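Reminder that position 384 of the sequence shown reads as 392 in our numbering, one-by-one numbering, no gaps.
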Amino acid sequence: MPSPSNLHLAYRRNAKASAAKHRFRKSDQEEIFQKARDDFGFFCAYVADKPPAPHHMDWHRQLVTNEDTNCLTKIAGPNIDLLGPRGSAKSTVLGLFTAWAIGIHTTAKKPLQILYLSYTVDIARSKSATIKRIIETKKYQEVFPRVRLLKNATSNEYWSIDHKFAGIDTTGEEQFTLCAAGLKGSVTSKRSQLVIIDDPVKSAADIGNPDIRKMMRDNWNAVIAPTMFEGGRAICLGTRYRHDDIHATTFCPQNNWTQIVLSAILNNPETGDEESYWPEMWSLDYLKEKKRQAPIAFSFQYMNKIVRQNELSLAPELLVKAEIATEFDCLGVGVDLSAGVKEKNDYTVMVLGGRLGDKIHIIDYRRLRVMGNLEKLDAMKELLHDWSIIGQQADGLWFPTYNTCDIWSEAVQYQASLEADFKRVCLNQENLYNLIWHPVKGFRADKLARFRGIMGMFEDRKIIFNRYRNFTNMFEELTNFGVSSHDDCVDALVWLVTGLMKRGQLQLDY
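Written out as structure tokens, the structure reads:
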């Protein structure tokens, strides 16, 4: 009988021989798993049992670019803002995309740090929990077996995959995969390669507060954008609520964002008939009933179109930009003053224009927040000097020209004190006798009545704006009068147009 030690050695030899001959047999479902890794649409159908709708496929082409950078694989590209109707499964798509992106980068043995943003941190936290549940499902683990949640970092607000288990070296780096935060509140600065913004606006009432809009813009520009890695990407999926929400001011083409807009009611390109963007979920009759009940809210939240919310605001096509004349019958400045410098205060606005015949040419304007009267007068003199209405010597002293300019301002409260300082400084000390101050007194109508008084000139195309100057703020106030957060440019423009139309053409007596 062999000794126990020899018997043990015999078992070992047999086991090694069997292991040498063994070949791993490819799973019958391995092709399915590989397809789920390569095709995000198939991943959604297989893992979550949510086959993508046609509009989801359009979004997938924007999300999955198959481009790489030093920190992103398959999803690199420009910052993108996808605007979709309410109920279009935006959060579902973003949650599945985030889980898929984590799996793709883990398979490529690349770390991925994601900053997941929503309107508030509570909303972002719930979306984060949904992504974790997707990762923990059996089908996801079959597709991405290397993805496993780290046991000591499982908070819904801040969690990580097990990089050691995945074979990813993170020595010396902060070990996190997803950090949830809210654009509305304070945002903790985290270095990130991918920023996901899921519905940054949740209600028209909240975003109507200018302080909240400013806080969201500042959080993005000052805290989040500077901490993104080079080669990183920001992806936003949301819905419009106002003409001046974050989709119109920050996540817009002017800031190098690609904006893709989806409307709830589409026109068939062949027949021209209206049809629902997602007939399996929302019928055309249901959408039309929504439109009938609240047309303004439907235009913003379902059609993603900015509409005028006040019948007294101007249509954008009435704002004419063209080359202005070089000689005028008379020149003038309309002034609307503010005495504060805080963010909630109004602006001091000075609008320079000229009258030629029956048309008003808007030459230039200034919009600023300053406290003292002398600073306001300096800004006005610089505006007039830019257009050679007054001159300035090498030693900084101002001198008049032969171009007479009238100045109109309301003679109430602190605006009356500016007139006194104008006479003391500009007339008595600097002898700028070509500037004539006209205090506007006794005008008791409200802002709406004043604006109504010049609307006819816009409709007749009698007011022309200098095409070589940027009038963005003024145009925004004119096209959204009554709902815009400020109306100082409109007030100054009203004083200017009203004053110039009262001035007759110069007549010479012989």
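The beta carbon of each residue, even a glycine, is placed where N, CA and C say it ideally should be.
Remember, predicted model here, so these are calculated numbers, not experimental data.
Could you say which of the options lies nearest to residue i if we only look at CA atoms?
i: Asp414; options: Met388, Phe407, Asp403; result: Met388
i: Leu43; options: Ser99, Asn87, Tyr148; result: The question names Leu, but residue 43 is Lys in the sequence shown. Of the candidates Ser99, Asn87, Tyr148, the one whose C-alpha sits nearest the C-alpha of Lys43 is Tyr148.
i: Pro234; options: Trp265, Ala212, Gln201; result: Gln201
i: Gln437; options: Glu283, Phe407, Ala457, Trp167; result: Phe407
i: Glu165; options: Leu186, Pro153, Ser307; result: Leu186
i: Pro93; options: Glu39, Lys192, Val269; result: Val269
i: Phe51; options: Ala107, Asp66, Arg20; result: Ala107
i: Ala230; options: Ser194, Met311, Ile143; result: Ser194
i: Gln37; options: Tyr54, Asp253, Ala25, Phe48; result: Tyr54
i: His494; options: Leu360, Ser346, Leu382, Ile368; result: Ser346
i: Ala109; options: Lys172, Ser126, Asp130, Ile142; result: Ile142
i: Asp366; options: His446, Met509, Ala305; result: Met509
i: Ser126; options: Leu158, Lys24, Gly103; result: Gly103
i: Ile273; options: Trp265, Arg458, Pro303, His255; result: Pro303
i: Thr162; options: Ala402, Ala188, Leu90, Asp76; result: Ala188
i: Ile205; options: Lys192, Asp214, Gly380, His64; result: Lys192
i: Gln70; options: Thr145, Ala84, Ala256, Asp468; result: Ala84
i: Glu144; options: Lys159, Ala305, Leu91; result: Lys159
i: Arg241; options: Asn78, Asp214, Lys298; result: Asn78
i: Thr334; options: Phe459, Met236, Lys135, Leu364; result: Leu364
i: Ile243; options: Asp47, Asn481, Leu123, Asn442; result: Leu123
i: Arg133; options: Trp167, Pro218, Gly49, Gln121; result: Trp167
i: Ala137; options: Phe483, Leu157, Lys146, Glu150; result: Leu157
I'd like the list of long-range same chain contacts for residue i, defined as Cβ closer than 8 Å, with 5 residues on each side in sequence excluded.
i: Gly95; result: Met289, Trp290
i: Leu385; result: Leu426, Asp429, Phe430, Val433, Cys434
Mapping DSSP to helix, strand and coil, what is residue i?
i: Gln513; result: Bear in mind that a pLDDT of 48 at Gln513, under 50, signals an unreliable position, so the number given afterwards is only what the model happens to contain. The answer is coil: DSSP assigns Gln513 none of H, G, I, E or B.
i: Leu123; result: strand
i: Tyr373; result: strand
i: Ala242; result: strand
i: Gln183; result: coil
i: Gln401; result: coil
i: Met482; result: helix
i: Val151; result: helix
i: Asn474; result: strand
i: Val195; result: coil
i: Ile205; result: strand
i: Lys210; result: coil
i: Lys159; result: strand
i: His251; result: coil
i: Ser134; result: helix
i: His63; result: helix
i: Phe32; result: Because the pLDDT at Phe32 is just 46, under 50, the model does not fix this residue reliably, and the value given afterwards should be weighed accordingly. Coil.
i: Glu297; result: helix
Give every residue of the same chain whose Cβ lies closer than 6 Å to the Cβ of residue i, excluding the five residues on either side of it in the sequence, and list them in chain order.
i: Ile374; result: In the sequence under discussion, the amino acid at residue 374 is Arg, which differs from the Ile named in the question. Contacts found: Met358, Ala387, Leu391.
i: Phe32; result: For Phe32, the pLDDT reaches just 46, beneath the cut-off of 50, and the residue's location in the model is therefore unreliable, although a value from the coordinates is still provided. Result list for Phe32: empty, nothing under 6 Å.
i: Asn74; result: Lys82
i: Lys313; result: Ser307
i: Val315; result: Ser307
i: Ala61; result: Trp286
i: Trp265; result: Asn87, Asp89, Phe259
Check whether the Cβ atoms of residue i and residue j sit closer than 8 Å, and answer yes or no.
i: Ala419; j: Val448; result: yes
i: Val328; j: Thr356; result: no
i: Gly239; j: Gly342; result: no
i: Gly340; j: Trp395; result: no
i: Met463; j: Ile471; result: no
i: Lys58; j: Thr100; result: yes
i: Ile232; j: Val203; result: yes
i: Arg250; j: Gly280; result: no
i: Gly399; j: Thr412; result: no
i: Tyr285; j: Ser271; result: yes
i: Gln309; j: Arg221; result: no
i: Asn275; j: Ile370; result: no
i: Ile254; j: Pro208; result: yes
Which stretch, first to last residue, makes up the alpha helix (DSSP H) that contains residue i?
i: Asn264; result: Counting along the chain, Asn264 falls outside any alpha helix (DSSP H), and DSSP gives it neither H nor E.
i: Gln42; result: 38–46
i: Thr114; result: 98–115
i: Ala305; result: 303–309
i: Ile169; result: Note, Ile169: premise wrong, no alpha helix (DSSP H); beta strand (DSSP E) at 166–169.
i: Ala7; result: In this structure the chain extends from 9 to 518, so residue 7 is not present and cannot be described.
i: Glu467; result: 455–467
i: Leu382; result: 381–394
Hey, is residue i close to the ligand SAH, as in C-beta under 7 Å from one of its heavy atoms?
i: Leu504; result: Among the components of this structure there are no ligands whatsoever, and the ligand SAH is therefore not found.
Considering residue i, what are the terminal residues of the beta strand (DSSP E) in which it resides?
i: Gly361; result: 356–364
i: Lys82; result: It is not in any beta strand (DSSP E) - Lys82 carries neither H nor E in the DSSP assignment.
i: Ile415; result: 413–418
i: Gly340; result: 338–344
i: Ala323; result: Here Ala323 belongs to no beta strand (DSSP E), and DSSP marks it neither H nor E.
i: Asp89; result: 88–91
Who are the Cβ neighbours of residue i in its own chain at under 7 Å, not counting the five residues just before and after it?
i: Phe152; result: Gly111, Thr114, Thr115
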